[in-house]
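These notes concern the structure reproduced below.
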Amino acid sequence: MNILKSAEKGYNAEINVLNYSELGCVITNMLKLCILALENDNYKKPLIDVGLLLEQALQLFPTDEMELLDIINEMQIKELCDEVK
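Mapped onto our numbering, the consecutive letters of the sequence shown carry residue numbers 97 to 181.
Take a look at the structure:
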């Protein structure tokens with residue numbers, strides 16, 4: 097059983113994924129669900145809390161890893177430029 101862990105502001109819940117590809121699929125599907133919910137907002141009281149889903153998707157997004165990918169990409173570009181010279 098997973099339990100909530102106390103944090104400075106509220107609680108933390110842990111989500112387990114196999115790898116970054118699965119994390120990407122989770123985030124993508126959450127965003128698609130939000131799009132569907134917004135496109136079908138014919139009801140006065142929405143069945144899906146789109147704001148909450150978007151907040152969670154934002155928290156799941158691997159920002160630090162994206163910065164690392166930028167650094168690796170720059171290193172590869174520099175290496176390719178050096179090989180051409």
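C-beta atoms are modelled at their ideal positions from N, C-alpha and C, and glycine is treated no differently. Quantities reported herein were computed from a predicted structural model and do not represent experimental measurements.
Taking residue i as part of the alpha helix (DSSP H), name the residues at either end of that continuous run.
i	result
Val-180	159-180
Leu-119	116-135
Glu-151	146-156
Answer yes or no: do residue i and residue j have a C-beta to C-beta separation smaller than 8 Å?
i	j	result
Ile-144	Leu-127	no
Leu-100	Tyr-107	yes
Leu-154	Val-146	no
The ligand MN and residue i: does any heavy atom of the ligand fall closer than 7 Å to the residue's C-beta?
i	result
Asp-166	Looking for the ligand MN in the displayed structure turns up nothing, as the structure carries no ligands at all.
Can at least three beta-carbon pairs, one atom from the stretch 165-177 and one from the stretch 121-128, be found at a separation below 8 Å? Cβ pair count under 8 Å is below three, so no.
Count the CB pairs spanning the stretch 105-122 and the stretch 139-158 that are closer than 8 Å, and state whether there are at least three. A contact is defined here as three or more CB-CB pairs under 8 Å, and the stretch 105-122 meets this definition with respect to the stretch 139-158.
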